[in-house]
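Taking it in order: structure first as structure tokens, then the write-up.
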Amino acid sequence: QVQLVESGGGLVQPGGSLRLSCAASGFYFSIRSMAWYRQAPGKERELVSSITSDSSTKYVDSVKGRFTISRDNAKNTVNLQMNSLKPEDTAVYYCNVVLSGVNYWGKGTLVTVSP
């Protein structure tokens, strides 16, 4: 079965960095686009970044220049390097893949940016 397991969240001060990882299994990882979403308290889930099978990337405007998505097809992982973090980046971050029109999600990892 499809499994997505996020890790790397935590508490960080403004201006700090975190690296999130998502370990994927149960599907042919290397041919699939992957994505990171986030959901802040009281807000809707939003797409943060995505990466295609050939490593083309997209970012929401609010994280451009600060976040970098990457993938390691040998390890079936997708990563999100987050630099210059701001309090408004506080959210639960979710890994996502769409297979045959079905969204699959991990359980999420909490990122808290606070002094």
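So for the sequence shown, my numbering puts the first residue at 724; every next one is plus one. A virtual CB, placed ideally from N, CA and C, is assigned to each residue, including glycine.
Worksheet item: Looking at the structure shown, is F790 part of a helix, part of a strand, or coil, going by DSSP?
Response: strand
Item to complete: Sort R768, K830, A797 and V801 by Cα distance to S779 and report the nearest one.
Response: V801
Item to complete: Run the CB neighbour count on Y751, radius 10 Å, all protein chains shown included, and call it buried at 16 or more, exposed below.
Response: exposed
Worksheet item: Looking at A747 and V725, is the spacing between their C-beta atoms short of 9 Å?
Response: yes
Practice prompt. Mind checking who G733 pairs with in its DSSP beta bridge?
Written response: V834
Fill in: Collapsed DSSP secondary structure at D784 in the structure displayed
helix
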